[in-house]
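Asker: Per full-length UniProt numbering, the very first residue in the sequence shown carries number 1; after that it's consecutive. The structure's right below; bear with me while I get my questions together.
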Amino acid sequence: MSSKKSRKSKLSDSDSDSGPDDRNPPAKKSKNEKPAAASTSEDGDLIKLSKYRYVSVREFRGKLMVDIREYYEKDGEMKPGKKGICLNMEQWNALKEQMENIEAAIKKY
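Have a look at this one:
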């Protein structure tokens with residue numbers, strides 16, 4: 001039995017991979033990294049709806065947008081979260097036109 005053990009140890013010593021010494025994968029970039037300028041209201045004010053929900057009006061790629069979003073506090077600064085919706089002016093105006101219908105639907109409950 002000792003011959004099998006010694007044979008395995010000899011094989012494992014000689015079969016070592018002489019590949020690159022650096023086996024650490026490259027550092028991954030975080031998917032949700034955002035520029036510091038987008039951390040709070042860069043173009044306009046935050047309009048508070050509730051404790052963590054805010055509306056802001058901002059320009060994005062040359063278009064005016066209404067952003068309704070949940071924010072979270074980090075290091076004493078309010079930062080936008082993933083939960084929310086950003087409406088362009090066409091969508092915002094369509095929502096405003098439907099306010100009476102929305103109010104009527106709410107009254108049913």
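Glycine included, C-beta positions come from ideal geometry on N, C-alpha and C.
Out of curiosity, what's the CA-to-CA distance linking Lys79 and Tyr109?
Answerer: So the alpha carbons of these two residues sit roughly 34 angstroms apart.
Asker: Whole angstroms is fine: what's the gap from Tyr72's alpha carbon to Val66's?
Answerer: 19 angstroms
Asker: State the beta-bridge partners of Tyr54 as determined by DSSP.
Answerer: Partner(s): Lys48, Arg69.
Asker: Shortest alpha-carbon distance to Tyr52 belongs to which of Ile85, Glu103, Gly81?
Answerer: Gly81
Asker: Since I believe Gly84 is in contact with Ile102 (beta carbons under 8 angstroms), could you give me their beta-carbon distance rounded to a whole number of angstroms?
Answerer: Not confirmed; about 19 angstroms, so no contact.
Asker: Given a threshold of 16 other Cβ atoms within 10 Å of its Cβ, counted over all protein chains shown, does Ser50 qualify as buried or as exposed?
Answerer: exposed
Asker: Can you pull the DSSP bridge partners for Leu64?
Answerer: Residue pairing for Leu64: DSSP places it in a beta bridge opposite Glu59.
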